[in-house]
Amino acid sequence: MAASDPSFSTSIGSSVQEAASWLLQDDVVGIPTETVYGLAGNALSEVAVAKIFTVKNRPTFNPLIAHIGRLEDVHKYAQTVPALAEKLIQTFWPGPLTLLLKKTALVPDLVTAGSDYVALRMPDHALTLELLKTLPFPLAAPSANPFMYVSPTEAEHVYKQLKGKLPYILNGGACTIGVESTIVGFDTEGKPVLYRAGGITVEQLEEVVGPVKIPGSKNEAPLAAPGQLKKHYATGKPMQKEQTAPIEWLSEELIKGTWFMGFDKPHDLIPSTQQILLAPDSSLSTAAASLFSTMRKLDEIPEVERIIVGTIPTTGLGRAINDRLRRALHL
Ligand code: TXA
Ligand code: MG
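Just add 13 to the spot in the sequence shown (first one is 1) and you have this note's numbering.
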């Protein structure tokens, strides 16, 4: 879509056929997945992929994940599949796991931002799997939020932010996982390396493939994973962790505008009407599923001026939650 492009009247519905008909014409469509909503286009069409970057207002040096609906398609888009990748595919697809594999010539450079590796995943959402099975191409899809904002977990979130820029949003309900897929690559010996924490935990991965390298931990140099910007997912309002929030935020003068987003326990000093707990049941999967929608809600409530975030466990899904929060904090 060039700058002069027509704007669309955006509709929301659950017709796989309608979504497919737009995609077959190189248009982009909002699609549900189990992690977050995606902004999808034909991954094999440079025209469609360029539209994704325009609608999202995203720099083209950020590569996109290609979503497939048939297991055998891995071999169309990946030259080789390391043995451990095969094991992960068998165990976790369809599901919130993306694999970085050496690409074939079918995958345009625009999708991979010039890299020889393509990010592939099979999402676990009935409507989107049906859609992918009806299409003769994979769908490139970043999260369907404007660049740098919180990822959408409901069709309505996509509509609010991107209406007029795309013709159709396929409504598949609220995302059940709520954080993006885990991204795993492989080193020269075929050993797994974590590129992004996400919906499949490191513990789950290690049960299947043994130790996973986590760059940035121990002595590893952090990976130059493209698009993993330090600041991302940000709310419009300042957000700080409990431990580092300025003490004045709790002063008599400011406390009226200070809200708390906690894990399972309320903050002692903030009025209860100014608190939202992500997981009253203390479950990390509940917290992941409500994280982005709670951040949006806090951004939308006019009385909220600043947000203090409670401590969230760092194990299991907590790794992905804390990663997203770190990028959302206003330093
Ligand atoms: O759960 C998800 O993964 C969601 C849904 C829609 O599937 N998608 C998603 O896409 O999170 P996005 O664009 O927001 O994040 C994709 C990230 C990039 O920022 C980059 O870090 C990594 O995936 N990535 C994609 N292709 C890559 C490549 N060829 N090499 C290295 N990293 C890649
Ligand atoms: Mg994203």
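In this text, a Cβ means the ideal position worked out from N, Cα and C, and glycines have one as well. The structure displayed is predicted, hence computed values, not measured ones.
Between Ile321 and Thr271, the C-beta gap is smaller than 8 Å, which places the two residues in contact. Distances from the CA of Lys115 to each of His88, His138, Pro151 and Ile102 were compared; the closest alpha carbon is that of His88. An exposed status is given to Ser22, since fewer than 16 other beta-carbon atoms sit within 10 Å of its beta-carbon. Straight through space, the alpha carbons of Leu57 and Ile81 are spaced by roughly 12 Å. Shown here for Leu304: same chain residues with a beta carbon closer than 7 Å to its own, the five before and five after excluded, namely Gly191, Val192, Leu291, Ile334 and Arg337 in chain order.
The beta carbons of Arg71 and Pro155 sit closer together than 8 Å.
The beta carbons of Pro107 and Asp137 sit closer together than 8 Å. It is roughly 42 Å from the alpha-carbon of Ile102 to the alpha-carbon of His280. Restricting attention to Glu255, Gly211 and Thr307, the CA atom closest to the CA of Thr48 is found in Gly211.
In the DSSP assignment, Asn55 falls within the beta strand (DSSP E) that extends over Gly51 to Asn55. By the neighbour-count criterion, in which a residue is buried when 16 or more other Cβ atoms sit within 10 angstroms of its Cβ, Gly185 is buried. Per DSSP, the continuous beta strand (DSSP E) segment holding Tyr208 begins and ends at Pro205 to Arg209.
Here the alpha carbon of Phe74 sits roughly 42 Å from the alpha carbon of Ile283. Here DSSP, grouped into helix, strand and coil, assigns Gln38 to coil.
Burial check for Ile325: the Cβ neighbour count within 10 Å reaches 16 or more, so the residue is buried. Ala118 and Ile182 have their C-alpha atoms some 30 Å from each other.
If you ignore the 5 residues before and after Ala53, its C-beta comes within less than 6 Å of the C-beta of Val42, Ile44, Leu152 and Ala154, all in its own chain and listed in chain order.
Boundaries of the beta strand (DSSP E) harbouring Arg134: Tyr130 to Arg134, taken from the DSSP string.
For Lys254, the pairing in a beta bridge is given by DSSP as Val322. Around Thr147, the same chain offers Val29 and Ala33 as residues with beta carbons nearer than 7 Å, after the five sequence neighbours per side are excluded. Residue environment analysis places Thr141 among the buried positions, since at least 16 neighbouring C-beta atoms fall within 10 angstroms of its C-beta. Your pair Val124 and Ala79 checks out as a contact, with CB atoms roughly 6 Å apart and the cut at 8 Å. Judged by DSSP in its simplified three-state form, Met274 adopts strand.
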